[in-house]
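What follows is a set of notes on a single structure, which appears directly below.
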Amino acid sequence: MTMPETVPAEQTRKKPPQGVLYVFAGLIPFLLVMMLVSVYTTSMHAPTPRDLPVAVVGAGGQATVLADSFNAAENSPVEARVVATVPEAESLLQRREISAAFQPPTRQGGPAVLYTAQTAGMSQASMMQATFTAIAAQQGFQLEHRELAPLPPEDGMGISALMILTGWVLAGYMVVTMVSHGAPEVFTLRRMPVFLAVWAALMSFVVWFLADVVIGAVGGHAWQMLGLGWATIFSVGLAQSFITRLVGGLGAIFGVLILLYLGVPASNLSMPVKAMPGFFEWLHGVLPGPAAGEALRSILYFGGDGVSGHLLVLALWGAVSAAGSVLLDSLRRRRRPKHLLTENEETASDEAADAAAAAVPVTA
Numbered sequence: 001m002t003m004p005e006t007v008p009a010e011q012t013r014k015k016p017p018q019g020v021l022y023v024f025a026g027l028i029p030f031l032l033v034m035m036l037v038s039v040y041t042t043s044m045h046a047p048t049p050r051d052l053p054v055a056v057v058g059a060g061g062q063a064t065v066l067a068d069s070f071n072a073a074e075n076s077p078v079e080a081r082v083v084a085t086v087p088e089a090e091s092l093l094q095r096r097e098i099s100a101a102f103q104p105p106t107r108q109g110g111p112a113v114l115y116t117a118q119t120a121g122m123s124q125a126s127m128m129q130a131t132f133t134a135i136a137a138q139q140g141f142q143l144e145h146r147e148l149a150p151l152p153p154e155d156g157m158g159i160s161a162l163m164i165l166t167g168w169v170l171a172g173y174m175v176v177t178m179v180s181h182g183a184p185e186v187f188t189l190r191r192m193p194v195f196l197a198v199w200a201a202l203m204s205f206v207v208w209f210l211a212d213v214v215i216g217a218v219g220g221h222a223w224q225m226l227g228l229g230w231a232t233i234f235s236v237g238l239a240q241s242f243i244t245r246l247v248g249g250l251g252a253i254f255g256v257l258i259l260l261y262l263g264v265p266a267s268n269l270s271m272p273v274k275a276m277p278g279f280f281e282w283l284h285g286v287l288p289g290p291a292a293g294e295a296l297r298s299i300l301y302f303g304g305d306g307v308s309g310h311l312l313v314l315a316l317w318g319a320v321s322a323a324g325s326v327l328l329d330s331l332r333r334r335r336r337p338k339h340l341l342t343e344n345e346e347t348a349s350d351e352a353a354d355a356a357a358a359a360v361p362v363t364a
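So in full-length UniProt numbering, the last spot in the sequence shown is 364, and the numbers never skip.
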């Protein structure tokens with residue numbers, strides 16, 4: 001007795017009507033454009049500083065009274081604290097714990113002094129200048145501005161870090177999206193991480209070479225940039241792999257929204273997150289893009305100070321995404337009979353079985 005031949009599920013699936021295909025062909029670019037305009041415009045169209053940390057320099061009661069008045073003002077753009085000396089304020093600026101330091105006039109008729117750090121954010125320094133210029137005008141004294149950490153000549157607007165970050169995130173996101181659709185045989189638990197590791201090394205080098213050697217937008221820090229670029233591309237790629245496994249074809253939409261459209265504005269590189277809607281300040285602490293961006297700024301301008309916490313965020317994204325992908329594949333294989341698995345799933349299942357068998361000790 002001959003068994004009936006099993007017809008692959010792909011061949012029995014009915015093709016959707018042509019009109020439906022046209023709708024879906026336009027749906028993805030429509031959603032991408034809508035999300036891009038909505039997110040970027042929402043985050044940056046009306047920057048309103050709030051609670052930007054500043055230091056008021058002074059040992060007497062005048063500094064305390066002034067700081068309290070800043071904090072008590074309605075819709076105050078700053079959150080002030082008192083420090084005793086200028087060197088202490090400079091140290092806080094270098095560690096990016098404050099956005100500016102303000103020293104009231106030390107003598108009758110003398111000027112106040114504002115200290116800023118452009119390398120911690122050009123737009124942030126500009127906002128602080130505008131804010132304290134207005135305060136000085138209201139109080140009737142002059143304001144001197146002293147820049148403690150100016151941007152280097154090759155990056156006078158401080159935009160290079162943002163462009164490099166965008167390149168890293170795009171490299172990690174796009175390659176997984178293309179592989180999952182165009183080369184599904186590579187999109188397996190064993191092959192994809194290896195492919196990603198090689199791709200991340202290549203693209204990290206390409207981005208560094210373009211930014212440093214060809215364009216000259218950054219100077220030095222080659223090994224640190226190569227390492228951080230690799231870690232960023234690899235962790236973003238693992239995250240996109242998990243998102244694609246979780247939601248299937250819609251992974252391209254969810255991935256670009258989470259990793260790029262939300263991650264780049266929340267990076268704190270183009271504009272302070274404390275001048276954006278509060279949601280972006282929360283995203284700044286949890287997404288891989290902002291972590292990579294802050295780590296890059298730390299490497300380029302602050303000698304690597306504070307980079308370890310940002311690297312931990314990247315590592316957590318990579319580890320959780322890899323574990324999530326393994327769990328999803330395992331659960332799906334358990335639910336489906338082996339004769340219904342696709343070729344890639346069957347290969348992955350066999351690989352997992354072989355690995356499990358090899359791990360079991362042989363007894364006599």
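C-beta: ideal position from N, C-alpha, C; glycine also.
From residue i to residue j, what does the alpha carbon distance come to, in whole angstroms?
{"i": "G172", "j": "G285", "result": "20 Å"}
{"i": "D329", "j": "L246", "result": "10 Å"}
{"i": "Q335", "j": "W282", "result": "It should be pointed out that residue 335 corresponds to Arg in this sequence rather than to Gln. For R335 and W282, the distance between alpha carbons rounds to 37 Å."}
{"i": "V20", "j": "L27", "result": "10 Å"}
{"i": "A46", "j": "M276", "result": "8 Å"}
{"i": "L31", "j": "V256", "result": "11 Å"}
{"i": "I233", "j": "Q224", "result": "14 Å"}
{"i": "T85", "j": "Q118", "result": "21 Å"}
{"i": "S123", "j": "M178", "result": "36 Å"}
{"i": "G156", "j": "L189", "result": "44 Å"}
{"i": "G58", "j": "L93", "result": "16 Å"}
{"i": "S241", "j": "A322", "result": "8 Å"}
{"i": "G219", "j": "D212", "result": "6 Å"}
{"i": "Q18", "j": "G249", "result": "19 Å"}
{"i": "A80", "j": "G61", "result": "14 Å"}
{"i": "I253", "j": "I299", "result": "32 Å"}
{"i": "A217", "j": "E154", "result": "5 Å"}
{"i": "P150", "j": "D68", "result": "30 Å"}
{"i": "F302", "j": "G167", "result": "22 Å"}
{"i": "S270", "j": "A239", "result": "24 Å"}
{"i": "A63", "j": "F102", "result": "9 Å"}
{"i": "R95", "j": "G121", "result": "13 Å"}
{"i": "H221", "j": "V198", "result": "21 Å"}
{"i": "I159", "j": "R333", "result": "46 Å"}
{"i": "L331", "j": "A315", "result": "24 Å"}
{"i": "D350", "j": "M163", "result": "Residue placement at D350 cannot be trusted, given a pLDDT of 44 that sits under 50; what the coordinates show is reported in the next sentence. Answer to the nearest angstrom: the Cα atoms are 43 Å apart."}
{"i": "I258", "j": "T106", "result": "49 Å"}
{"i": "M35", "j": "Y261", "result": "7 Å"}
Pick helix, strand or coil for residue i, following the three-state DSSP scheme.
{"i": "V218", "result": "coil"}
{"i": "R81", "result": "strand"}
{"i": "R95", "result": "coil"}
{"i": "M276", "result": "coil"}
{"i": "A73", "result": "coil"}
{"i": "F30", "result": "helix"}
{"i": "A46", "result": "coil"}
{"i": "M35", "result": "helix"}
{"i": "S298", "result": "helix"}
{"i": "M271", "result": "coil"}
{"i": "P17", "result": "coil"}
{"i": "F187", "result": "coil"}
{"i": "residue 402", "result": "The first residue shown for the chain is 1 and the last is 364, placing residue 402 beyond what the model contains."}
{"i": "G285", "result": "coil"}
{"i": "G248", "result": "helix"}
{"i": "G58", "result": "coil"}
{"i": "S349", "result": "Confidence is the limiting factor: at S349 the pLDDT is only 44, short of 50, which leaves the residue's position unreliable, though a coordinate-based value still follows. In this structure, S349 counts as helix in the three-state DSSP scheme."}
{"i": "V360", "result": "Reliability of the predicted coordinates at V360 is poor, the pLDDT of 33 falling under 50, and the value obtained from them is presented with this limitation in mind. V360: coil per DSSP, three-state reduction."}
Cβ of residue i within 8 Å of Cβ of residue j?
{"i": "G263", "j": "L296", "result": "no"}
{"i": "V207", "j": "G237", "result": "no"}
{"i": "G293", "j": "A125", "result": "no"}
{"i": "S235", "j": "G318", "result": "yes"}
{"i": "A89", "j": "V83", "result": "yes"}
{"i": "F280", "j": "S76", "result": "no"}
{"i": "L165", "j": "S267", "result": "yes"}
{"i": "L66", "j": "Y115", "result": "no"}
{"i": "Q142", "j": "A136", "result": "yes"}
{"i": "P265", "j": "V39", "result": "yes"}
{"i": "E54", "j": "A100", "result": "A small correction: the amino acid at residue 54 is Val; Glu does not occupy that position in the sequence shown. In contact: V54 and A100 (Cβ atoms closer than 8 Å)."}
{"i": "L52", "j": "P272", "result": "yes"}
{"i": "residue 369", "j": "A200", "result": "Residue 369 lies beyond the range of the chain shown here (1 to 364); nothing can be said about it."}
{"i": "V186", "j": "T131", "result": "no"}
Name the one or two DSSP bridge partners that residue i has.
{"i": "P53", "result": "E79"}
Against chain C, does residue i count as a neighbour if the rule is that its beta carbon must be under 8 Å from one of theirs?
{"i": "V37", "result": "Absent here is chain C; the protein component of the structure consists of one chain."}
Residue ranges of each alpha helix (DSSP H) within the region 97 to 183, 4 or longer: 122 to 139, 160 to 182
Could you give the uninterrupted runs of the alpha helix (DSSP H) lying entirely in the region 303 to 341, keeping only those of 4 residues or more? 307 to 335
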